[in-house]
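Number of protein chains: 2
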Amino acid sequence: MTGSEKGSLYGLGVCEAVARLRDGSLSSRDLTAACLERIKAFDPEIEAWVFLDPEHAMAQAEACDRWRQKGHPVGPLHGLPIAVKDIIETRDMPTEYGCSLYKGNRSGQDATVVAKLRAAGAVILGKTVTTEFAVYRPSKTKNPHDPGRTPGGSSSGSAAAVASFMAPAALGTQTNGSVIRPAAYCGVYGFKPSFGSISRAGVLGLSSFLDQVGLMARSVEDIAAVGDVLCGYDAQDPGTAPPSAGPDLLARAREEAPVPPKFAFVKTAQWAEAEPVTHEAFEQMAAFLGDRITAFELPREFDEGVEALRRVMWADLAKNLAKDYDRGREQLDPQLCHMIEEGAKITAVDYNRARDLRGVLQAHLDEIFDAFDGLLTPATAGEAPLGLESTGSPAFCSTWTFIGAPALSLPLLRGEAGLPIGVQLVGQRGDDGRLLRSANWLAKRFEETLDEDAA
Amino acid sequence: MTGSEKGSLYGLGVCEAVARLRDGSLSSRDLTAACLERIKAFDPEIEAWVFLDPEHAMAQAEACDRWRQKGHPVGPLHGLPIAVKDIIETRDMPTEYGCSLYKGNRSGQDATVVAKLRAAGAVILGKTVTTEFAVYRPSKTKNPHDPGRTPGGSSSGSAAAVASFMAPAALGTQTNGSVIRPAAYCGVYGFKPSFGSISRAGVLGLSSFLDQVGLMARSVEDIAAVGDVLCGYDAQDPGTAPPSAGPDLLARAREEAPVPPKFAFVKTAQWAEAEPVTHEAFEQMAAFLGDRITAFELPREFDEGVEALRRVMWADLAKNLAKDYDRGREQLDPQLCHMIEEGAKITAVDYNRARDLRGVLQAHLDEIFDAFDGLLTPATAGEAPLGLESTGSPAFCSTWTFIGAPALSLPLLRGEAGLPIGVQLVGQRGDDGRLLRSANWLAKRFEETLDEDAA
């Protein structure tokens, strides 16, 4: 990534692209072709995609252009190519869950989120690589900043594709840290909205208590524009919040805050695992924010978040992957098998005690958000680790996923090796708009400073 | 019960009483005094009450009368005395949960349902007997129709109080069959609305998946009038359905159906446990309904409902009563201890498999309710059993409680001993109004026929 993407079609962000697609100064055909060219050039090394049919993508793009040329009304993402993680069903493409047991699997149906993207006019570009069943076993994708390093998981391909300008946005999912972590390692914006914001119908079910759909893009406003299309009640997913007005994320992200946001810097019990490079980067961030940030110590109960998530996730994996384990355990990751086997031993009492912690932590957070607009905390322990045999630790994400709080990773910091370090900004459950507004303030203020420094 | 209650104040039903309280032809003082007189006369034998402070009840009644006399606007139950099961918190009375460990316990707070009753103008008459922790161990209450028989449980006192005209209505709760069963044994109407209709905040929590608040009264319309006050979203109970228009139960109960309702007669896997007297009573009911009723065989999965409820309930009891078990197991019912000990061994996988059955059965029911307005099925195996050492079997209620479907017990049938036999009418989850309308049609048609036979 050399900066040459600026001015190029594949370098366009969501908001700019959809504006140009709408006013006719750009065709979906040209934009999609530019993304496909980019994929052709870089994917042999990055391997972000598990299914790609360029002709099918171009056919969708051309249909979009014809539709628009006829003067029909167009949706908010009309003509925009988007990548979809391969645990999300698509009626016209396979869905293989990163698992050899599902080679060539086709459900013939669109997940609700895919149907919503199509209804908004998006071009479904192809399917991006996931770890096995969106858990730990890595697949082939490399980190675009250094192919010797992991892109993170489980939404590995989605993060790598957006980072390497193969697609302006991508869908991911997070049961533990699978959107925030790869977004941080690959240096893109990653967003996991409040639990219940986005339907999971047609998405691999690992844990109905934890599974959350998220997305990656290259700016806060790009995240918000796609998020607006994805959010909303779905009768097919009882976990989604009931019919209500849309969250209006883009409008909220662009809103001027009445006063500059106040951030709480929370180190969490995981701070000891954070690498020196992260400590330094966050000191830099704290200095930058000055009196807009306050170090804040979370109540003790937050230390139990990681273990609570583990317990719920393992027990739910044991139930939801039982059939796959029974028919093909020898083909599955031994670490996944261990999780399933241990998860099967967890008692309902321990499982429900863990689940009960959500309400306790939620109540604490509600109080904290009376005083702060967002919690700032690392997204990962450090830069993307060397090697491709692991996708890194999700521990910095677990507690927020467990609570169901909205979280965003902002690629604002850099480590020693020049690799991205994500700033995780956590918001109040149900107020994703305020989170994006605060994030946009932070991102823009930070960029301005970098520009000033460079000038 | 001799019929002399007709024309007496204590014999007034909810709708008639609130109409007279409203137009001033009856004072709350007189009505409450009549109920207290009735209690004084009959409770030494029936023992429906665990807490009763006549002076405090009269003080509430007099306050209601003064309020009305001053010309203030009054609520829908203004001046009406109501009984409250003793697992529901009251700020001005003890809440002992039928358990010696909680002798004299006072939370100092009103449960949401009690607060709603007070806001509607009701007089909280006192606390009615529950089995220990609303599970199996019976307390002192006898069946008003035959003091040698159980009133059923766990809402024993509420059913007995309404049946013996000590109160026109009473709150109960149902985790398995604790509203429907005692209502059936005592010959009153018992209603357990759809799961999520009534807040459980301030009610003993046995199983958040199963616990449901219900009520007893002496007619369908009386049930509906009180139900209208109780239903509604409560942020303190995440199980309640989101803000929405009220169910308008009384208006729906009084509505003329566009066509006479059609009933499905479902025998369920429990039919073999039903006594001959129940078989006969339901044959009589089927003959009466003629072409308005069709025998209907439920899909196989319904046979698993009782076991699914048991598994969820026992595992939840093990968690929610752990502290009580730890500090005083020797004072608890050995059967309850057994449930807690076995419940602690249930794995999360088995627990969640059981919970998953709710959606499966719900989907079947949704189809069945395209063709029928209600499912008719026994409320219990037969008349109230002889003896006070057991409260009878909840098995005929378990599946409907598990699904969260609304259910009503109608005291329409009689057994050989002349004791009431309840007809359980089950409705579609979320359409409690249609259930009450169909029930009212059935009850009125049945009474007309009895009157014609008598004439």
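If you're matching them up, the sequences are chains A and B in order. Under this note's numbering, think of the first position of the first sequence as 14, with each following residue one higher. Under this note's numbering, think of the first position of the second sequence as 14, with each following residue one higher. Just so you know, even glycine gets a beta-carbon here, dropped at the ideal spot from N, CA and C.
Please check if any C-beta of chain A sits within less than 9 Å of the C-beta of residue i.
| i | result |
| --- | --- |
| D346 of chain B | no |
| V362 of chain B | yes |
| K332 of chain B | yes |
| A357 of chain B | yes |
| P260 of chain B | no |
| G372 of chain B | yes |
| A328 of chain B | yes |
| P251 of chain B | yes |
Under 9 Å, do residue i and residue j count as touching if we go by C-beta distance?
| i | j | result |
| --- | --- | --- |
| A114 of chain B | R340 of chain B | Checking the displayed sequence, the identity of residue 114 of chain B turns out to be Leu instead of Ala. Cβ atoms of L114 of chain B and R340 of chain B: closer than 9 Å. |
| Q225 of chain B | T281 of chain B | no |
| K155 of chain B | A133 of chain B | no |
| E12 of chain B | D123 of chain B | A question about residue 12 of chain B goes unanswered here, because the residues of chain B that appear run from 14 up to 468. |
| V97 of chain A | S171 of chain A | yes |
| P181 of chain A | A230 of chain A | yes |
| L262 of chain A | G443 of chain A | no |
| Y198 of chain A | N365 of chain B | no |
| L399 of chain B | G161 of chain B | yes |
| G372 of chain A | E396 of chain A | no |
| F309 of chain A | L388 of chain A | yes |
| L184 of chain A | L130 of chain A | yes |
| L90 of chain B | A46 of chain B | no |
| F415 of chain B | A321 of chain B | yes |
Apart from the five residues just before and just after residue i, which ones in its own chain have a Cβ nearer than 8 Å to its Cβ?
| i | result |
| --- | --- |
| G259 of chain A | D241, C244, G245 |
| T404 of chain B | T144, Y149, P151, T163, P164, G165, G166, S167, S169, R194, P195 |
| G111 of chain B | V63, D99, I100, V142, T143, T144, E145, F146, A147, R150, S152, S167 |
| E58 of chain B | K155, P160 |
Which residues in the same chain have their Cβ closer than 6 Å to the Cβ of residue i, if we skip the five residues on either side of it in sequence?
| i | result |
| --- | --- |
| F178 of chain A | E18, Y23, G24, R51 |
| W413 of chain A | A420, V439 |
| P433 of chain A | G200, P424 |
| A287 of chain A | P391, A394 |
| S212 of chain B | T125, D247, D250, T253 |
| F204 of chain A | G227, L228, I236, L421 |
| L65 of chain A | G139 |
| C350 of chain B | R342 |
| S21 of chain B | none |
| Q441 of chain A | F382 |
Comparing the C-beta of residue i with each C-beta of chain B, is any distance below 9 Å?
| i | result |
| --- | --- |
| N365 of chain A | yes |
| G440 of chain A | no |
| M14 of chain A | Legend: pLDDT at M14 of chain A = 46, less than 50; position of this residue unreliable, no value from coordinates given. |
| A335 of chain A | yes |
| A321 of chain A | no |
| A397 of chain A | no |
| A214 of chain A | no |
| A254 of chain A | yes |
Please look up how many angstroms separate the CB atoms of residue i and residue j, rounded, as I've assumed it's under 8 Å.
| i | j | result |
| --- | --- | --- |
| D346 of chain B | K275 of chain B | Rounded, the Cβ-Cβ distance is 43 Å, inconsistent with contact. |
| V192 of chain A | A61 of chain A | About 15 Å separates the two Cβ atoms, so there is no contact after all. |
| Y338 of chain B | I359 of chain B | With a Cβ gap of about 15 Å, Y338 of chain B and I359 of chain B do not count as contacting. |
| V319 of chain B | A408 of chain B | 6 Å |
| V31 of chain B | A238 of chain B | 7 Å |
| L378 of chain A | A418 of chain A | 6 Å |
Looking only at its own chain, which residues have a Cβ that is under 7 Å from the Cβ of residue i, when we skip the five neighbours before and after it?
| i | result |
| --- | --- |
| E355 of chain A | W327 |
| L302 of chain A | F276 |
| L311 of chain B | V279, T281 |
| R450 of chain A | R265, A266, E268, A270 |
| V233 of chain A | Y202, A266, L449, A452, N453, A456 |
| A467 of chain A | none |
| N118 of chain B | P107, T108, E109 |
| R368 of chain B | F222, V325 |
Inset, instruction - Note down, one range per segment and in chain order, each beta strand (DSSP E) of at least 3 residues found wholly within the region 334-422 of chain A. - result: 387-391
Inset, instruction - Within the region 52-126 of chain B, note down every full alpha helix (DSSP H) run reaching 4 residues or more, in order along the chain. - result: 67-82
Legend entry - Length at least 3, wholly inside the region 257-295 of chain B: the beta strand (DSSP E) runs in chain order: 276-278
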